[in-house]
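Numbering (the numbering used here), first residue to last: 13 to 381. The beta-carbon is built from N, C-alpha and C at its ideal position, and this holds for glycine as well.
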Amino acid sequence: MNPEGKRKALDAFAVRLGEDHLGPLWDNLGAMITRQPEHQVKPYLWKWKTIRDYLLESGELLGLGRESERRVIYLQNPSLLKSGKIGYATDTLYTGIQLLLPGEVAPSHRHSQAAIRFIIEGSGGAYTTVNGEKTYMERGDLILTPPWTWHDHGHEGSEPVFWMDGLDVGLVKTLTGSFFEPYHDDKYPLSGPPDQSTARYASGVRAISERRKHGYPSPLINYKWHHIRQALEGLSRFEPDPFDGFAVDYINPTSGGSADARLGTTMQKLAAGYRTQAHRHVHSAVYHVLEGTGYTVINGRKFEWETGDFFIIPPWSFHEHHNTGNQDAYLFALNDRPVMELLGLEQEEAMTENGGQQLVESVFTPETV
Ligand code: GTQ
């Protein structure tokens, strides 16, 4: 048979296979097993003022109770909405911003998704309870809600409180592991006085009576900003990481691994004027600017940020950060690195061309998407 005849015969054969719900790998191997990560996730940036104004407006429209368990406005990555992925920041990560008003209670429930909260504004009396441990929120704190732990939020203070929620919604959906259960009461019973785990574990040591306890979930549930800031001051006496500046992973004090088993969390300090080198990695991330002014170049596009903003680093995308202000900048990030590491999928590559810095080809505005 000549090559053309052979091709036609193979095409006709593929059609017959399809009728019996079978497929020829020789035609589709490249689409299934791509040479590099392929995805639809595009970077995006949301301004804090926009989110904050909408949240305050929702505070006037919506009360809390079993019908509206949480007052949260989530980041919707427009590039993923096209494929019907509602509530996706990246294929694995969800991020919402939650508002609680003085006196309100967001009722107790639990779910198989892991959750973290990063406190943005207005603390003073707001708290979360995790399996009965009450922990108070202050700006810059990271609070864990490990999978399947009961949690409710309350507010004894006088100012609205805003925080970031991070959950592995997309990951759990893909792995078909989602479970949710409401508690029969608004509040889960308290197990003791507040902030016990901070008292016991925040210095990175463990009582000798607890030597046998290790692994997940982390016994520490609130990583206080003043401790993290101090750790970054300590690191600042040394050389910054070329890709991340002075940066730390939040860790489980009993294992040394990621604070949450599936959700990665980092805080990085970029000294005034510092510019990192570009690299890319398999894991994706959602960034929140705790403090500072600057920009991040992602695959040749410049994303300008200031305090409070959120932005996305898609998988396998070159990125570098530049602090253009005259103060230190602090960037918090949520990522799926622990999952990539556990599954043996994480890879990292530094950009070598152009001295490790990208050429800026365009500047992001919400309209450029
Ligand atoms: O506060 O428990 O943004 O269950 C999404 C799901 C927050 C929460 C979110 C949740 C919560």
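Query: CB-CB length for P114 against H167, believed under 8 Å; Result: 5 Å
Query: Cα-Cα separation between Y195 and R129, rounded to whole angstroms; Result: 20 Å
Query: Contact under 9 Å by Cβ, V372 with A341; Result: no
Query: Residue environment, G189, which counts as buried when at least 16 other CB atoms sit within 10 Å; Result: exposed
Query: Beta-ladder partner(s) of R129, from DSSP; Result: I155 and D177
Query: Contact test: A126 Cβ vs the ligand GTQ heavy atom, cutoff 8 Å; Result: no
Query: Cβ-heavy atom distance, H123 to the ligand GTQ, below 8 Å; Result: yes
Query: Spatial distance of V89 from V294 (CA atoms); Result: In the sequence on display, residue 89 carries Asn and not Val. So the alpha carbons of these two residues sit roughly 18 Å apart.
Query: E353 beta carbon near the ligand GTQ (any heavy atom closer than 8 Å); Result: no
Query: DSSP three-state assignment for V351, whether helix, strand or coil; Result: helix
Query: Exposure label - Q110; buried when at least 16 CB within 10 Å; Result: buried
Query: Option in R64, G137 and M44 with minimal Cα separation from H165; Result: G137
Query: Near the ligand GTQ: Y213 beta-carbon under 8 Å from a heavy atom; Result: no
Query: Secondary structure of E332, DSSP reduced to three states; Result: strand
Query: N-terminal and C-terminal residue of the beta strand (DSSP E) that F192 is part of; Result: F192 to P194
Query: Reference F255; option with closest CA among W317, G246, P172 and Y286; Result: Y286
Query: Per-residue DSSP class, three states only, for V84; Result: strand
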